[in-house]
Amino acid sequence: MPNGEMKKRIPIKNILFKLTGDGYDGYLIGSRCKACGEIFFPKRFVCANCFSEEIEEVPLDKMGKILSYTIAQTGFPGASVTPPFITGIVELPNKLQILTLITGYDFDKVKIGSEVNLYFWKAGEDDEGRELMAYAFRPTQK
Amino acid sequence: MQKEVVILGVGMTKFGRLTGRTLAHMAREAGLMALKDAGVNYGDIQVGFCSHCLQPLGTGMECFAQLGMTGIPVTNVEVACASHTRAVILAAEMIAAGAYDMALVIGVEKMPRGGIPWGDRSDMPYEYLTGILPMPGVYAIQAVEHMHKYGTKPEYFAKAAEKAHRNGSLNPNATYRDVYTLEEIMNSRMICQPLTMLMCSANADGASATVICSKKRARRYTNKPMRLVGWAGGNPMYVKGKPNNPLPEAPNEYLAKKVYEMSGIEPNDVKILQLHDAFSAAEVFLLEELGFCLHGEGGLFVWEGKTEINGKVPTNTDGGLISCGHPIGATGGRMIAELCWQLRGAAGKRQVPGNPDVAMLHNQGLGGGNVMMFTI
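For the protein sequence lines, the chains are A and B, in the order given.
The numbering used here puts the first sequence at residues 12 to 153.
The numbering used here puts the second sequence at residues 3 to 378.
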């Protein structure tokens, strides 16, 4: 890191994803039921299919396709994102659907079916000055 | 053998920004109206439920105490926007099982301006912590997918809103009673593409009340009550092999199927429909999910006028959530009241012609949903 100065970066909400490296990389945490094989996101502690508690964490794919989206012209006061922004659902190769912020598109260019990649962004800071990280998807760089 | 259940009385306040009116005041007005409509007094009520979402603890006790203090159990019920109808289902199941003969549900809500508070930050879902999913976004994302999959046009969603505002103009209880052209709706402020402001419902204050009764006991008061012949309540359902749905949605098709089976009624028999149009695009999706048309056909169904008051399936004849406004704990009771007035032929200027005798209801909120079937 430049200047050796690195702010501590933590997930804005636990159990959703793990940050690696400098905190701008990482992966979404899926959970796989050891009994029936179903995979869930966000992580579950009891399988929604067979109710087993034997769940293991699995890293999810970092690439997916836009299943649907909207351009939000309204938001919550004080929220991390300010309108307008693109929000939608990304489908991973294993068919899991992830609700997510989508960035990197001109609003008239975003399209269903486009390939997008996972990345992490700073959504705020907590009282101790730690950076609160969130996930989003953006176009696959060619 | 289950006992048959009827809706004996309905009541509601006008919905709107009712500044200065207390919960107790609104509950008393709606409650007394329903009791008088039923021809009973509070002493006849054996069990009570109070549906609300954002009010303080003790609300149910306080509201029911306005009508009387007879020692009956009064319980608060919260299923977000589907609270009132879920309370009616609980009452109906108790009556069907023979535990009671008469129940009262009061739904009451005073809504904050803007967003709905979420409680402790540690319990806030990620979408709300980050702000990435404003409520209209839930429906807008589905609307964009529907447009992509089926070629549905934004005009179709606007048409549902245009009809809602027009119906609402005939309803003195509605919050918003102005009529808008399709163009005005399309050109109003964009909220979440493709949904504009006039395609969205807005928070409102209000109360509603429903008297539920065994059919046998109801004979003392009327020879033509609205019968509740089918009901199903449910919350999100995980189905192996189906894609997970990251949006909070009720298992509408499943609930509708259960209600069709229980009542022996088919979509073709339904003469009037109330569905949960928090955003006008929902009318398109729900007509499909409830079985009134095939998937992908909901947009044209609306566009061709089939959900108009004089159409094939008159839908949200009172203006729906879009025009009535949305006091979340009271909305379900407003839906039941409208169907009751319609089946009695007492809906005034917005009366569906031809003496409708079968009515269906769908009410949902943050994953919970309820479907009901009524006949007269």
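All C-beta atoms, glycine included, are put in the ideal place defined by N, C-alpha and C.
Where residue i meets chain D, residues with beta-carbon distance less than 7 Å
i, result
"Thr85 of chain A", "Checking the listed chains, one finds no chain D in this structure; the protein chains it contains are A and B."
Chain-ordered neighbours of residue i on chain A, where CB pairs are closer than 7 Å
i, result
"Gly133 of chain B", "Gly86, Phe87, Ala90, Ser91, Val92"
"Lys242 of chain B", "Glu49, Asn60"
"Asn237 of chain B", "Here the premise fails: no neighbours, minimum Cβ distance about 12 Å."
Under 8 Å from the C-beta of residue i: neighbouring residues of chain A
i, result
"Lys38 of chain B", "Neighbours of Lys38 of chain B on chain A: none; closest Cβ ~42 Å, over 8 Å."
"His150 of chain B", "Ser79, Ile123"
"Asn247 of chain B", "Gln108"
Buried or exposed by the 16-neighbour rule on C-beta atoms within 10 Å, applied to residue i
i, result
"Pro1 of chain B", "Outside the displayed range of chain B (3 to 378) lies residue 1 of chain B, so it cannot be described from this structure."
"Met35 of chain B", "buried"
"Ala145 of chain B", "buried"
"Cys61 of chain A", "exposed"
"Phe131 of chain A", "buried"
"Lys218 of chain B", "exposed"
"Phe376 of chain B", "buried"
"Asn254 of chain B", "buried"
"Phe28 of chain A", "buried"
"Met2 of chain B", "Missing from the structure shown is residue 2 of chain B; chain B here goes from 3 to 378 and no further."
"Thr132 of chain B", "buried"
Nearest to residue i (by Cα), restricted to the options the options
i, options, result
"Arg222 of chain B", "B:Ile378, B:Ala40, B:Lys161", "B:Ala40"
"Gln66 of chain A", "A:Ile97, A:Gly48, A:Lys18", "The question names Gln, but residue 66 of chain A in the sequence shown is Ile. Of the listed residues, the one whose Cα sits closest to Ile66 of chain A is A:Gly48."
"Lys18 of chain A", "A:Gln84, A:Leu143, A:Phe87", "A:Leu143"
"Asp72 of chain A", "A:Thr114, A:Arg55, A:Leu103, A:Thr98", "A:Leu103"
"Gly293 of chain B", "B:Met362, B:Ser190, B:Arg88, B:Leu323", "B:Met362"
"Arg20 of chain A", "A:Asp137, A:Thr151, A:Arg149, A:Phe148", "A:Asp137"
"Thr81 of chain A", "A:Leu129, A:Ile100, A:Thr31, A:Ala147", "A:Ile100"
"Gly335 of chain B", "B:Leu10, B:Met199, B:Arg191", "B:Leu10"
"His278 of chain B", "B:Trp343, B:Gly327, B:Gln195, B:Ala93", "B:Gly327"
"Ala101 of chain B", "B:Cys194, B:Leu341, B:Pro156, B:Glu6", "B:Glu6"
"Trp305 of chain B", "B:Ala99, B:Phe17, B:Glu164", "B:Glu164"
"Gly18 of chain B", "B:Gly298, B:Ala176, B:Ala98, B:Thr224", "B:Ala176"
"Thr98 of chain A", "A:Leu39, A:Gly89, A:Pro88, A:Leu112", "A:Leu112"
"Glu31 of chain B", "B:Cys65, B:Cys55, B:Glu299, B:Pro75", "B:Cys65"
"Ile123 of chain A", "B:Met137, B:Glu95, B:His150, B:Met96", "B:His150"
"Leu302 of chain B", "B:Asp359, B:Thr224, B:Arg168, B:Tyr158", "B:Tyr158"
"Leu230 of chain B", "B:His148, B:Gln57, B:Met14, B:Leu92", "B:Leu92"
Residue i, DSSP secondary structure in three states
i, result
"Asn312 of chain B", "coil"
"Gly62 of chain B", "helix"
"Phe52 of chain A", "coil"
"Asn271 of chain B", "The sequence shown places Asp at residue 271 of chain B, rather than the Asn named in the question. Helix at Asp271 of chain B."
"Thr333 of chain B", "helix"
"Gln366 of chain B", "strand"
"Asp36 of chain A", "strand"
"Lys260 of chain B", "helix"
"Gln390 of chain B", "With chain B covering 3 to 378 only, the question about residue 390 of chain B has no answer from this structure."
"Ala93 of chain B", "helix"
"Gln144 of chain B", "helix"
"Gly322 of chain B", "helix"
"Pro253 of chain B", "coil"
"His278 of chain B", "coil"
"His297 of chain B", "coil"
"Glu67 of chain A", "strand"
"His54 of chain B", "coil"
"Asp119 of chain A", "coil"
"Pro248 of chain B", "coil"
"Arg168 of chain B", "helix"
"Arg191 of chain B", "coil"
"Met149 of chain B", "helix"
"Glu126 of chain A", "strand"
"Glu142 of chain A", "strand"
"Leu110 of chain A", "strand"
Neighbouring residues, chain B, relative to residue i (Cβ below 9 Å)
i, result
"Leu71 of chain A", "Near Leu71 of chain A there are no residues of chain B at all, since even the closest Cβ is about 12 Å away, more than 9 Å."
"Val114 of chain A", "Here residue 114 of chain A is Thr; the residue named in the question, Val, does not match the sequence. Ordered by position in chain B, no residue passes the 9 Å Cβ test against Thr114 of chain A, which lies about 11 Å from the chain."
"Leu30 of chain A", "Ordered by position in chain B, no residue passes the 9 Å Cβ test against Leu30 of chain A, which lies about 15 Å from the chain."
Interface partners of residue i on chain B, CB under 7 Å
i, result
"Tyr80 of chain A", "Ile143, Val146"
"Lys24 of chain A", "Tyr128, Leu131"
"Phe100 of chain A", "The residue asked about is misnamed: residue 100 of chain A is Ile in this sequence, not Phe. In chain order: Ile143, Pro248."
"Ala134 of chain A", "Thr132"
"Ala145 of chain A", "Thr132"
Contact list for residue i against chain B, beta-carbon separation under 8 Å
i, result
"Leu103 of chain A", "In chain order: nothing, as chain B lies at least about 10 Å away."
"Leu27 of chain A", "Tyr128"
message: Across the stretch 345-363 of chain B and the stretch 319-334 of chain B, are there enough close Cβ pairs to call them in contact, namely three or more that are closer than 8 Å?
response: Contact between the stretch 345-363 of chain B and the stretch 319-334 of chain B is present, because at least three Cβ pairs lie under 8 Å.
message: Under 8 Å: do the stretch 53-64 of chain B and the stretch 301-316 of chain B share three or more Cβ pairs, one atom per stretch?
response: Taking a contact to require three or more Cβ pairs closer than 8 Å, the stretch 53-64 of chain B and the stretch 301-316 of chain B do not qualify as touching.
message: Would you call the stretch 269-285 of chain B in contact with the stretch 121-131 of chain B, where contact means no fewer than 3 C-beta pairs closer than 8 Å?
response: When Cβ pairs closer than 8 Å are counted between the two stretches, the stretch 269-285 of chain B is seen not to touch the stretch 121-131 of chain B, the count staying below three.
query: Is it true that the stretch 188-207 of chain B meets the stretch 101-114 of chain B, where meeting means three or more beta-carbon pairs spaced less than 8 Å apart?
result: Taking a cut-off of 8 Å for Cβ pairs, the stretch 188-207 of chain B and the stretch 101-114 of chain B touch, as three or more such pairs fall below it.
Meets three-Cβ-pair contact criterion under 8 Å: the stretch 358-372 of chain B and the stretch 70-86 of chain B: With a cut-off of 8 Å, the stretch 70-86 of chain B and the stretch 358-372 of chain B count as touching, because enough Cβ pairs lie within range.
field: Validate contact between the stretch 122-131 of chain A and the stretch 169-188 of chain B using beta carbons, cut 8 Å, 3 pairs
entry: Touching, no, given that fewer than three Cβ pairs across the two stretches are closer than 8 Å.
- prompt: Are the stretch 89-98 of chain A and the stretch 41-56 of chain A touching by the rule of at least three beta carbon pairs closer than 8 Å?
  reply: When C-beta atoms of the stretch 89-98 of chain A are compared with those of the stretch 41-56 of chain A, fewer than three pairs fall below 8 Å, so the two segments do not count as touching.
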